[in-house]
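Numbering (the working numbering), first residue to last: 1 to 282. In what follows, a single structure is set out as structure tokens and then discussed.
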Amino acid sequence: MFTNDLLKGKRILITGGGTGIGRAMAERFLQLGATVYICGRRVEVVQQTAKELASATGGTIEGLPCDVRERDAVEQLIEQVWTKGPLDVLVNNAAGNFLARTEELSPRAFESVLGIVLQGTINMTMACGKRWLVAGHRGVVLDIATTYADTGSAYVVPSAVAKAGVVALMRSLAVEWGGRGIRFVAIAPGAIRTEGAFSRLLPTPELEKKLLEHNPLHRFGTLEEISNLASFLISDLAGYINGEMVYMDGGEMLAGASTFSLIGRRIPDAAWEMMKPKKKTE
Ligand code: COA
Numbered sequence: 001m002f003t004n005d006l007l008k009g010k011r012i013l014i015t016g017g018g019t020g021i022g023r024a025m026a027e028r029f030l031q032l033g034a035t036v037y038i039c040g041r042r043v044e045v046v047q048q049t050a051k052e053l054a055s056a057t058g059g060t061i062e063g064l065p066c067d068v069r070e071r072d073a074v075e076q077l078i079e080q081v082w083t084k085g086p087l088d089v090l091v092n093n094a095a096g097n098f099l100a101r102t103e104e105l106s107p108r109a110f111e112s113v114l115g116i117v118l119q120g121t122i123n124m125t126m127a128c129g130k131r132w133l134v135a136g137h138r139g140v141v142l143d144i145a146t147t148y149a150d151t152g153s154a155y156v157v158p159s160a161v162a163k164a165g166v167v168a169l170m171r172s173l174a175v176e177w178g179g180r181g182i183r184f185v186a187i188a189p190g191a192i193r194t195e196g197a198f199s200r201l202l203p204t205p206e207l208e209k210k211l212l213e214h215n216p217l218h219r220f221g222t223l224e225e226i227s228n229l230a231s232f233l234i235s236d237l238a239g240y241i242n243g244e245m246v247y248m249d250g251g252e253m254l255a256g257a258s259t260f261s262l263i264g265r266r267i268p269d270a271a272w273e274m275m276k277p278k279k280k281t282e
């Protein structure tokens with residue numbers, strides 16, 4: 001889809017880059033010529049991933065420990081990265097989520113998810129944004145949001161609240177900082193199979209089956225698809241896309257968005273025939 005130098009010369013940081021979607025994006029960005037930094041809470045995981053991706057792609061990648069909830073830790077990390085040169089792209093991918101009945105959540109459960117998703121994104125965006133603005137350096141921020149960021153969602157309420165905040169931050173700063181060379185984009189992915197997400201959000205084969213039935217394309221998204229979309233959005237090819245969130249969910253949100261989308265696909269052929277207008281007889 002792309003030429004291999006699409007991201008040549010770009011220095012990119014991906015939070016939560018040791019596993020799942022973050023790791024897949026790191027691999028794709030390396031293939032496309034970028035220098036990549038990944039960070040995560042577990043130092044051994046990010047370092048192992050960096051090692052594996054370096055040997056798989058021949059690219060330049062470094063794995064660094066960081067808990068994005070901690071502002072001081074974020075500042076330290078960004079300072080460390082900047083000593084080698086300014087970043088060009090920040091990907092806020094680190095997330096926390098689980099299925100739970102909201103009335104049973106402890107205050108710490110809210111704090112934990114809001115801390116990673118919303119405060120983490122704010123910490124990273126501010127640390128990079130301030131440096132870019134002072135230096136007049138162009139930058140791109142890509143946030144991995146979610147399809148329910150605009151609607152809210154039952155049973156993943158801390159995540160819904162946090163992701164709504166992330167999208168509000170993205171859209172706000174797209175306007176405030178856009179004119180000063182900083183571009184903001186987001187992806188709202190539907191279900192993509194990763195250990196982290198599926199073990200917490202789709203823990204049984206029955207739930208997976210229900211979701212696949214509901215999705216118009218009857219399949220999950222792939223790591224390849226989201227990595228390619230991310231590559232395009234952060235590249236100069238997408239230079240006029242600012243403040244936009246791209247849904248990549250096979251049409252799943254729209255399938256639940258109206259009464260008729262919801263019920264129409266369950267109406268049997270015989271019933272459609274009955275509903276057709278009767279032929280007028282003389
Ligand atoms: N249901 C309800 N509450 C839960 C929960 C669940 N499945 N999982 C965790 N919590 C609560 C804990 O009970 C704790 O509250 P408490 O101290 O009052 O008991 C609070 O959330 C924090 O959990 P803890 O494990 O101590 O925090 P953590 O900061 O190390 O972990 C999480 C953060 C909870 C988000 C953890 O799931 C995680 O690390 N996730 C990262 C990966 C991920 O979620 N990927 C999926 C992205 S789609």
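The beta-carbon is built from N, C-alpha and C at its ideal position, and this holds for glycine as well. Computed from a prediction, not measured in an experiment: that's the story for all the values here.
_Own chain partners of ILE14 with C-beta closer than 8 Å, once the 5 adjacent residues on each side are dropped_ = Beyond the five residues adjoining it in sequence on each side, ILE14 comes within less than 8 Å, by CB distance, of GLY22, MET25, ALA26, PHE29, VAL36, TYR37, ILE38, CYS39, VAL91 and ASN93 in the same chain, given in chain order.
*asked:* Just verifying my parser: in three-state terms, what is the DSSP assignment at GLU244?
replied: strand
*Answer yes or no: do PHE184 and GLY178 have a C-beta to C-beta separation smaller than 9 Å?*
yes
*asked:* Looking at LEU133: is its Cβ nearer than 9 Å to the Cβ of ARG180?
replied: A Cβ-Cβ contact shorter than 9 Å links LEU133 with ARG180.
*Which of the three DSSP states, helix, strand or coil, is assigned to LEU7?*
coil
*asked:* Below 8 Å, is the gap between the Cβ of LEU105 and the nearest heavy atom of the ligand COA?
replied: yes
*For VAL113, verify whether its CB is less than 8 Å away from any heavy atom of the ligand COA.*
Because some heavy atom of the ligand COA lies under 8 Å away, the Cβ of VAL113 counts as near it: yes.
_Contact between the region 197 to 204 and the region 138 to 148 (3+ Cβ pairs under 8 Å)_ = Too few Cβ pairs lie closer than 8 Å, so no.
*asked:* Along the chain, where does the alpha helix (DSSP H) containing PHE2 start, and where does it finish?
replied: From DSSP, PHE2 is part of no alpha helix (DSSP H); its letter is neither H nor E.
*Tell me whether LYS163 is buried or exposed, calling it buried when 16 or more other Cβ atoms sit within 10 Å of its Cβ.*
buried
_Local Cβ density within 10 Å of ARG193, reported as buried at 16 or more and exposed below that_ = exposed
*Proximity below 9 Å, CB of PRO158 to CB of SER112*: yes
*In the DSSP assignment, what residue or residues form a beta bridge with ALA188?*
In the DSSP output, where bridge partners are listed per residue, ALA188 has TYR247.
*Which residues share a DSSP beta bridge with VAL37?*
As written in the sequence, residue 37 is Tyr, which differs from the Val given in the question. For TYR37, which the question treats as bridged, DSSP gives the partners LEU13 and GLU62.
_Output needed for ALA289: all residues of its chain with C-beta closer than 7 Å, excluding positions within five of it in sequence on either side, in chain order._
In the structure displayed, the chain extends from 1 to 282; residue 289 sits before or after that span and is not available.
*Range of the contiguous alpha helix (DSSP H) that encloses ASN92*: Careful: ASN92 lies outside any alpha helix (DSSP H), inside the beta strand (DSSP E) at 89 to 92.
*What number of angstroms, rounded off, separates the C-alpha of THR19 from the C-alpha of GLY250?*
23 Å
*Going by the beta-carbon positions, is the gap between VAL68 and ASN123 smaller than 9 Å?*
yes
_alpha helix (DSSP H) runs contained entirely in the region 164 to 220, provided each spans 4 or more residues_ = 195 to 201 and 205 to 214
*Consider the C-beta atom of SER200 and the heavy atoms of the ligand COA; say whether any pair is separated by less than 8 Å.*
Sequence inspection shows Arg at residue 200; the Ser mentioned does not correspond to that position. Checking the Cβ of ARG200 against the ligand COA gives yes.
*Using the beta-carbon count (16 or more within 10 Å), is VAL175 buried or exposed?*
exposed
*Going by the beta-carbon positions, is the gap between ARG138 and TRP82 smaller than 9 Å?*
no
_As assigned by DSSP and simplified to three states, the class of LEU133_ = Note: LEU133 maps to helix in three-state DSSP.
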